[in-house]
Every structure is written in structure tokens, then in C-alpha cells.
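Structure record follows, encoded as C-alpha cells.
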Amino acid sequence: MTGTGPDRSPRTRPRVPRPESFGAEPAGERLARIHRSPNFRNGIFRNPEETRRGPSGSAVALAKVYFEKEGRASRAPAGPIPVHPTTVADLARPPATGLRLTWMGHSGVLAEIDGHRVLFDPVWGDRCSPFPFAGPKRLHPVPASLAALGPVDVVVISHDHYDHLDLPTIKELATTDTLFAVPLGVGAHLERWGIPASRLRELDWNESTEIGDLRLTATPARHFCGRGLRNKQHTLWASWVAEGPGHRIFHSGDTGYFSGFRDIGADHGPFDATMIQLGAYSEFWTDIHMTPAEGLRAHLDLQGGRPHGVLLPIHWGTFNLAPHPWAEPGEWTRDAAGEAGQPVAFPRPGEPFEPAGKLPADPWWRGISRPLARPWSRTRPVGTAPGPRSGDLDLAGDR
67 MTGTGPDRSP RTRPRVPRPE SFGAEPAGER LARIHRSPNF RNGIFRNPEE
117 TRRGPSGSAV ALAKVYFEKE GRASRAPAGP IPVHPTTVAD LARPPATGLR
167 LTWMGHSGVL AEIDGHRVLF DPVWGDRCSP FPFAGPKRLH PVPASLAALG
217 PVDVVVISHD HYDHLDLPTI KELATTDTLF AVPLGVGAHL ERWGIPASRL
267 RELDWNESTE IGDLRLTATP ARHFCGRGLR NKQHTLWASW VAEGPGHRIF
317 HSGDTGYFSG FRDIGADHGP FDATMIQLGA YSEFWTDIHM TPAEGLRAHL
367 DLQGGRPHGV LLPIHWGTFN LAPHPWAEPG EWTRDAAGEA GQPVAFPRPG
417 EPFEPAGKLP ADPWWRGISR PLARPWSRTR PVGTAPGPRS GDLDLAGDR
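Numbering-wise, the sequence shown is residues 67 to 465 according to the working numbering.
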């Protein structure tokens, strides 16, 4: 007999609490500000160029790539990743040149610039996932605890994906008095996690905030956002410019290549150093992440079309997030930058360096890299798309 069970209409159905790790949806004045943004159209934030967010091509082909036995083995190092052993002691000494960068793994970088300490995209959790028991697990330990880093003036977040905005990390930072600079809408997550509004600097693209004599500007990127099951695209993603009295640096966040890098360079560059995402790329999502060749091209665009400053590769080595071999971003970047004459820093996780000083150049990954196929051609013009894989294997550890 129908109609005798409980009423399951939407009006009376019990509301399932939103998991804390999902953060919060923007509301109130924050949502009104989002609706006023020139980058928010037809109900969602839009990219500066037409962009496909989800995987392209066949789902079967993507699954085959991910689960192929040999490919799975290549996506992890063959041994422990060498973490710099004296990070804390090294950071206790001020940078001699006024600018020092310490890659903490993935996209996390501590930038000491003209007397200010800026922490980009810190992820200290064991997994980049909404759940502590599942999801991509880090491949090396953090080089130092958050507390051991000492005071941080501002934490800069590029967007709200789990490998850039980490709940355990933010909760620990909430107990300090650091400020947070975030793209428009992301402040809703932080407020839910205990960051008061007074410590937030929430910016749309091309808006700036000043912290002392350091100027931070949110600049465009080509990506997307979302933490929950139904992503409304109501939080913005951004790259960032940090400019002090003596130095300028750029952090790409996550982005596909787009022509806007030239505009950012013209407006804010040239830069003493850029931190460029060039890992977790795939032919299945070419619009939202960059290959090493595209990352180099972005760096050159930011520098007015010529080699200048130092390129620090980020978004590789710490988590297994794409089908490419674990060591491929390092090798490809090294080759492409060498052809272009562009200085690149290859620090071990936790190894501080000053862009105006001696750069870490040792290809440290080779000793723990499995045999590596080289899909790029040494004779191909820098910045163009890779050709088909040759199938030739190069045992990186033997070179």
C-alpha cells in the first residue's frame, strides 16, 4: 500500500551536516561581492580563456593509463626522497640578499622577502583529501613543523583544492596571529575553521593588499575550484605577485598555460623569482595544468619574453596526482630550461636558497628514479607541445 511510509519530500528530509573538511559556501555580503565580480558570470567564476575543467577523452583510456602496472610503479620514487636535514637551522639566519625561498614540497613555499615572511599554499597534512584515511598520501615527510618555522606574516592561498588548502594546516595556523591572503570566496572556508574575518585579506583578480611595505596582488590563473560534492564554482582561484621594496616574486598556484602571463609580467614584472606549477599534467586535462615546457614558457612570458630571474618548479614530487612518471617534471624542466638558457633552482624539499646566490642544481631525484621514458624532444622548440613518446628508456639514476 502506497503512502504509508515516512514523508521523503525535500521539505521534510533530514539535512545531512556538511563535513568540516568541505569548508563553507559563501553567503551574505561575501556572496554579494562575488556576484558583483567582473569574473563571475552566469552563476559561476569564469576563466580568462575558454577552459575545459574535467578530463577530456575516454574514461576507459584514462582508467587504463592509471591502472597499468608499469605506469603505476613509475609514478612513485624507488626509494626515500631526500629531505634537507637542516631546514630549521638554516632559516634561523636572515637571508643575506633580502630574498630567500624554501620549497616545502608540492606548492608550499616559504618566501622571505625584504623582511617579510610569506607562506604560500602550505599543506602539512598526510593526505590531500577530505578524509584522513583515503586519498593521495605524501611521498616525503614535511621538512619542518609549522611551529619550527617561526612567525609568518601572511599565508597566501591560491585556491581551495585539497592539495593547496589543507584543513589540519589551517587549524594549526589559526592558533597564531598570522594574516591570510586568499582569492574571493575562499574566506568562507577559513572562517568556518576558526580564522576571524579581521585576519583575512580576500581579493578578486587584480586587487591588492599591503602588509607593512609588502604588496600582494591576486592575479589571474586558468583553473577551477571546489571542495564539496556539488561544486558551485563560487570561490575564485588565483596566481599571486608579492612585491617588496627590493624584490618581486610570482607564485602561479594551479593553472593551465594562457596568454595572460604576458599581461601579468607587463604589469608587475620582471621578477627575481617565479614559482611555477609544472607537475600533475596530463593529456586528459591540458587546460588546467602546465607541462614543464608550458611552465617555462609562462616564466619567460612573465619576464618579458627573455630568460631572467630564477624559476622554481613547484607542484611535483610530493603527491602522486597524475599519470606521468614521478621524476619526469624534474628531468623535462632541466632539459627545457637548459635549451632556453633559463636558470632553474632544484632544491630538495626544505632546502633554502637565495635567487641572487648559488642555486641548488643537483638533480637529486635521479638516485631514486625508476627507468624514465623521455616524451620530449631535445630538438623541439622550447614551449611547444611534446611529441609522441619514443619508447626509449633512459635510466635517470645512471646519468
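All C-beta atoms, glycine included, are put in the ideal place defined by N, C-alpha and C.
Neighbourhood of residue i by C-beta, 6 Å cutoff - its chain only, sequence neighbours within 5 removed
i: Val376; result: Ala339, Pro409, Ala411, Pro421
i: Arg414; result: Pro148, His150, Trp430
i: Ala144; result: Ile434, Arg436
i: Gly396; result: Trp431
i: Ser348; result: Ala388, Pro389
i: His365; result: Thr340, Ile342, Leu377
i: Asp243; result: none
Residue i - containing alpha helix (DSSP H), residue span
i: Arg267; result: Looking at the DSSP string, Arg267 is not in any alpha helix (DSSP H); the run it does join, the beta strand (DSSP E), is 266 to 269.
i: Arg193; result: Segment: none, Arg193 is in no alpha helix (DSSP H) and carries neither H nor E.
i: Pro358; result: 358 to 368
i: Glu309; result: First-last for Glu309: 305 to 309, but that is the beta strand (DSSP E), not the alpha helix (DSSP H).
i: Leu233; result: 233 to 239
i: Ile100; result: 94 to 102
i: Val208; result: Careful: Val208 lies outside any alpha helix (DSSP H) and carries neither H nor E.
i: Leu157; result: 153 to 157
Three-state class that DSSP yields for residue i in the structure shown
i: Ala439; result: strand
i: Lys203; result: strand
i: Val410; result: strand
i: His334; result: helix
i: Glu250; result: In the sequence under discussion, the amino acid at residue 250 is Leu, which differs from the Glu named in the question. Leu250 falls in the coil class under three-state DSSP.
i: Trp382; result: coil
i: Ala377; result: Per the sequence presented here, residue 377 reads as Leu, with Ala not at that position. If DSSP states are grouped into helix, strand and coil, Leu377 belongs with the strands.
i: Ser348; result: coil
i: Ile434; result: helix
i: Leu282; result: strand
i: Arg314; result: strand
i: Leu256; result: helix
i: Arg107; result: strand
i: Leu387; result: coil
i: Ala139; result: helix
Backbone CA spacing between residue i and residue j [nearest angstrom]
i: Val220; j: Gly312; result: 18 Å
i: Leu215; j: Val307; result: 22 Å
i: Pro198; j: Asp192; result: 8 Å
i: Glu95; j: Trp271; result: 18 Å
i: Tyr228; j: Glu91; result: 16 Å
i: Asp329; j: Arg288; result: 14 Å
i: Glu417; j: Ile380; result: 13 Å
i: Gly310; j: Ala139; result: 44 Å
i: Thr445; j: Glu405; result: Residue confidence is low: Thr445 scores 45 on pLDDT, short of 50, so the model does not pin down where it sits. No coordinate-derived value is stated.
i: Trp430; j: Ser264; result: 42 Å
i: Arg400; j: Leu176; result: 23 Å
i: Glu360; j: Ala284; result: 21 Å
i: Pro85; j: Ala162; result: 45 Å
i: Trp190; j: Leu231; result: 10 Å
i: Pro76; j: Lys298; result: Annotation note: pLDDT 45 at Pro76 (below 50); position unreliable, no value reported.
i: Asp291; j: Thr301; result: Reading off the sequence, residue 291 comes out as Cys, not Asp. So the two alpha carbons sit approximately 6 Å from each other.
i: Pro146; j: Gly278; result: 40 Å
i: Arg107; j: Ile342; result: 28 Å
i: Ala427; j: Ala403; result: 12 Å
i: Arg102; j: Ile110; result: 12 Å
i: Ile223; j: Glu178; result: 16 Å
i: Glu115; j: Leu157; result: 40 Å
i: Arg141; j: Gly174; result: 20 Å
i: Leu269; j: Gly335; result: 20 Å
Bounding residues of the beta strand (DSSP E) (the contiguous stretch that carries residue i)
i: Arg400; result: Taken as a continuous stretch (DSSP letters only), Arg400 belongs to no beta strand (DSSP E), being part of the alpha helix (DSSP H) at 394 to 406.
i: Ile179; result: 174 to 179
i: Thr275; result: 274 to 277
i: Trp169; result: 165 to 171
i: Phe186; result: 182 to 186
Other residues of its chain near residue i: CB distance less than 7 Å, five sequence neighbours each side excluded
i: Gly89; result: Asp226, Ala254, His255, Arg258, Arg293
Cβ-based neighbour list, residue i, same chain, cut-off 8 Å, excluding 5 preceding and 5 following
i: Gly201; result: Arg193, Cys194, Ser195, Tyr228
Taking one C-beta from the segment 391 to 410 and one from the segment 432 to 439 each time, how about it: are there three or more such pairs within less than 8 Å?
-> yes
The segment 343 to 358 touching the segment 367 to 376, judged by at least three CB pairs closer than 8 Å | Not touching, per the Cβ criterion.
Could you tell me whether the segment 250 to 259 touches the segment 96 to 105, where touching means 3 or more Cβ pairs closer than 8 Å?
-> yes
Hey, is the segment 195 to 213 in contact with the segment 253 to 262, meaning 3+ C-beta pairs nearer than 8 Å?
-> no
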